[in-house]
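Residue numbers (full-length UniProt numbering): 1 to 479.
Glycine included, every Cβ here is placed at the ideal spot set by N, Cα and C.
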Amino acid sequence: MATSDDDDTKAAILDCHVCIVGAGIGGLMMGILLERADIKYTILEKHPFHNPLGSAICLEPSVQPLFRQLGLMDEIHRLSKPFGAMVFREGTLDIIGTFSAQTPLDINDRYGGYNRIIARRDLCALLAAQIPKEKIKFGKRVLEVRQNAGEVIIRCSDNSIHHADILVGCDGAYSAVRQGLYSGLSARGELPKQDNAPMGYQYDCLVGVTDPMDPSEIPSLTGKFSEFQTILAKDANCSYWCIPLVGNRISWMVVKFHNKGKKYAEDQLFKHSGWGAEAAELMSYEFRELITAYGCELGELMDNTPKGSMAKVMLEEKFYKTWYKGRVVLTGDAVHKVLPFGGQGANQCIHDVLALTNLLVQLKSNTVPDIEELFESYFKARSPVGRTVVNMSSRVGNLMNRKGMMNDIIRKVALRHMPRWLSQIINDKWSYDRPQLECIPFVEVPGEFQPRPQKRSAYVPASILGRELSSSTKTLAVE
Numbered sequence: 001m002a003t004s005d006d007d008d009t010k011a012a013i014l015d016c017h018v019c020i021v022g023a024g025i026g027g028l029m030m031g032i033l034l035e036r037a038d039i040k041y042t043i044l045e046k047h048p049f050h051n052p053l054g055s056a057i058c059l060e061p062s063v064q065p066l067f068r069q070l071g072l073m074d075e076i077h078r079l080s081k082p083f084g085a086m087v088f089r090e091g092t093l094d095i096i097g098t099f100s101a102q103t104p105l106d107i108n109d110r111y112g113g114y115n116r117i118i119a120r121r122d123l124c125a126l127l128a129a130q131i132p133k134e135k136i137k138f139g140k141r142v143l144e145v146r147q148n149a150g151e152v153i154i155r156c157s158d159n160s161i162h163h164a165d166i167l168v169g170c171d172g173a174y175s176a177v178r179q180g181l182y183s184g185l186s187a188r189g190e191l192p193k194q195d196n197a198p199m200g201y202q203y204d205c206l207v208g209v210t211d212p213m214d215p216s217e218i219p220s221l222t223g224k225f226s227e228f229q230t231i232l233a234k235d236a237n238c239s240y241w242c243i244p245l246v247g248n249r250i251s252w253m254v255v256k257f258h259n260k261g262k263k264y265a266e267d268q269l270f271k272h273s274g275w276g277a278e279a280a281e282l283m284s285y286e287f288r289e290l291i292t293a294y295g296c297e298l299g300e301l302m303d304n305t306p307k308g309s310m311a312k313v314m315l316e317e318k319f320y321k322t323w324y325k326g327r328v329v330l331t332g333d334a335v336h337k338v339l340p341f342g343g344q345g346a347n348q349c350i351h352d353v354l355a356l357t358n359l360l361v362q363l364k365s366n367t368v369p370d371i372e373e374l375f376e377s378y379f380k381a382r383s384p385v386g387r388t389v390v391n392m393s394s395r396v397g398n399l400m401n402r403k404g405m406m407n408d409i410i411r412k413v414a415l416r417h418m419p420r421w422l423s424q425i426i427n428d429k430w431s432y433d434r435p436q437l438e439c440i441p442f443v444e445v446p447g448e449f450q451p452r453p454q455k456r457s458a459y460v461p462a463s464i465l466g467r468e469l470s471s472s473t474k475t476l477a478v479e
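(1) Go to CYS124, then tell me how far its beta strand (DSSP E) extends in each direction, as first and last residue.
(2) Just verifying my parser: in three-state terms, what is the DSSP assignment at ALA85?
(3) From the DSSP secondary-structure annotation, give me the bridge partner or partners of ASP204.
(4) Grab the span of the alpha helix (DSSP H) containing SER284 for me, first residue to last.
(5) Please look up how many angstroms separate the CB atoms of LYS140 and SER160, rounded, as I've assumed it's under 8 Å.
(6) Note down, one range per segment and in chain order, each beta strand (DSSP E) of at least 3 residues found wholly within the UniProt domain "FAD-binding" (310-392).
(7) Could you work out which residue in PRO446, SER186, ILE243 is closest to VAL209 when comparing CA atoms only?
(8) In this structure, how does DSSP classify SER273 when only helix, strand and coil are distinguished?
(9) Rounded to whole angstroms, what is the Cα-Cα separation between TYR203 and LYS312?
(10) In whole angstroms, give me the CA-to-CA distance for GLU45 and GLY172.
(11) Using only the alpha-carbon positions, how far apart do PRO461 and GLN436 sit?
(12) What's the C-alpha gap between ALA149 and ASN366?
(13) In this structure, what does DSSP give as the bridge partners for ARG249?
(14) Would you report the Cα separation of PRO306 and ILE250, rounded to the nearest angstrom?
(15) Once you ignore the five residues that flank LYS364 on each side, which residues in its own chain have a CB closer than 6 Å to its CB?
(16) State whether the segment 443-462 contacts the segment 110-119, with contact taken as three or more CB pairs (one from each stretch) at a distance under 8 Å.
(17) Should the segment 25-33 be called in touch with the segment 123-130, which here means at least 3 C-beta pairs below 8 Å?
(18) Counting only the same chain and skipping the five closest in sequence on each side, list residues whose C-beta sits under 8 Å from that of ARG288.
(19) Report the rounded CA-to-CA distance for SER273 versus TYR201, giving the unit in angstroms.
(20) With residue 525 as the anchor, note down where its beta strand (DSSP E) starts and where it stops.
(21) Quick check on the DSSP output: the alpha helix (DSSP H) that includes VAL413 runs from which residue to which?
(22) Does GLU86 pass the burial test, meaning 16 or more other C-beta atoms within 10 Å, or should it be called exposed?
(23) Using the Cα positions of VAL246 and PRO340, report the straight-line distance between them to the nearest angstrom.
(24) What separation, rounded to the nearest whole angstrom, lies between the Cα atoms of TYR378 and ILE131?
(25) Give the straight-line distance between the Cα atoms of ARG121 and GLY308, rounded to the nearest whole angstrom.
(26) Leaving out five residues before and five after LEU354 in sequence, what residues of the same chain have Cβ atoms less than 7 Å from its Cβ?
(27) Is the distance from the Cβ of ARG36 to the Cβ of ILE76 below 7 Å?
(28) Look at residue 519 and VAL254 and say whether their C-beta atoms are less than 7 Å apart.
(29) Go through the segment 48-110 residue by residue and report every complete run of the alpha helix (DSSP H) that reaches 4 residues or more, in order.
(30) Nearest-angstrom Cα distance between VAL152 and TRP430?
(31) Going by other Cβ atoms of all chains shown within 10 Å of its Cβ, with 16 needed for buried, is TYR285 buried or exposed?
(32) For VAL338 versus TYR459, is the C-beta spacing smaller than 7 Å?
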């Protein structure tokens, strides 16, 4: 057991209200954590309803103890498949090599669980179901953020005004909160040059999740494990992926590489970005005739994808140096945007909001100096990891999607000749931190490799404290 409880005096948390912008995975998870911690919060979502487009998400062992602690792991198992292997193929469908979750190192034995492959829509629906409906406000596109010594003020496109002690930007790579924060810092000459530089990107991505397919035609759909099929197209500058999900569905993705890349300034990103259904439809015609590892054309999967749910998005990467100022703080893709190929985006966002919540329960006061001291602790804890995953994502993207002699050599060596000791070193590094929420009871973490120890917070939410006191009273009565 790598976690420990603490029986010190239980402290009461401040009367603090947190406003979260963005009801994606990060925003919803932060809402759940604040709900469990008895911290007041509101979530503002720009869309008029939940509409989580996208493909599949890989939940690593590093975040699974948190889901287990929150009582959600059974649902995660029901809605997901364990990752089994990733098969890389040439455009001819000949196998280049395979990355396995079981050899040379069994991930489940070592870390207590395989990566879980789940549709983004399913994960968002599960998380949203844990939050009281009245705490998520839809149709709230943020237009302006102002802050003073006593509060932060958010103005939305429907002319509504929202007040909070702390504003958390969980609104992704094209963050309106970041844009508002940086606009003020830039006007005062306080924004680092790196943060004001144009964001470049080298990939366009087309994604979708099919309706249930016929398992008699695609037998791999019935397998216990999700086996990725990644094909490096022969005559097109792209790769395409097929990922089996629960319910006989297939998550698919096409990644197109731009040799010279493109760059857009911060304000231009809002014009060119975004999960657009119309742009996706146009892009899809270019790739319909590609042959999948299942023997059918990619167009057949596209035709079985619900209308309007196919999406095109730019894939870019950038690490931002400025994570907070005053009462405003940023998380996830808003400060460390990574390419999706290494499966780090959603996982690191969950780590961000968990680290922030574990600090929020220790907030000394609602004054700006104390809030910024807390934010600085958050930045010091999470920014080194954020910088590492951004630097790593480009290399992983090249390995998984680009041709060329050097990439071909690295791919073959990594897929065919990875020794167990090296695989263990790499995975141990990423799996040592498997944190939990520190203000509620910890749960046991399975696996032979135990995580970094945590200490139980002195603060205990009223709901948890009431149950603990009730349990202690019953014990004394029995005695």
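Taking the definition as stated:
(1) Not the beta strand (DSSP E): CYS124 falls in the alpha helix (DSSP H), residues 120-128.
(2) Correct three-state label for ALA85: strand.
(3) LYS256, MET314
(4) 277-284
(5) Distance from LYS140 to SER160 at the Cβ level is roughly 7 Å; contact confirmed, criterion being Cβ atoms closer than 8 Å.
(6) 311-316, 328-330
(7) ILE243
(8) Low confidence applies to SER273: its pLDDT is 48, below 50, so where it sits in the model is not reliable enough to give any reading.
(9) When rounded, the distance between both Cα atoms is 11 Å.
(10) Cα-Cα distance, rounded: 12 Å.
(11) Looking at the two C-alpha atoms, the distance is approximately 15 Å.
(12) 10 Å
(13) LEU245
(14) 12 Å
(15) ASP370
(16) The way I'd put it, the segment 443-462 does touch the segment 110-119; three or more beta-carbon pairs between them come closer than 8 Å.
(17) yes
(18) GLU297, LEU298, GLY299, MET302
(19) With a pLDDT of only 48 at SER273, under the threshold of 50, the placement of this residue in the model should not be trusted; the figure read from the coordinates follows. One C-alpha to the other measures close to 11 Å.
(20) Nothing about residue 525 can be read from this structure; the chain reaches only from 1 to 479.
(21) If you look at VAL413, you'll find it in the alpha helix (DSSP H) that goes 405-416.
(22) Before going further, note that residue 86 is Met rather than Glu in the sequence given. Around the Cβ of MET86, a 10 Å sphere holds 16 or more other Cβ atoms; the residue is buried.
(23) 21 Å
(24) 24 Å
(25) If I take the Cα positions, the gap works out to 14 Å.
(26) LEU33, LEU66, PRO435, LEU437
(27) Contact flag unset, no.
(28) No answer is possible for residue 519: it lies beyond the span of the chain, which begins at 1 and ends at 479.
(29) Given a length threshold of 4 residues, each whole run of the alpha helix (DSSP H) inside the segment 48-110 is given here in chain order: 64-69, 73-79.
(30) Near 36 Å, if we compare the C-alpha coordinates of TRP430 and VAL152.
(31) exposed
(32) The Cβ-Cβ distance between VAL338 and TYR459 does not fall below 7 Å.
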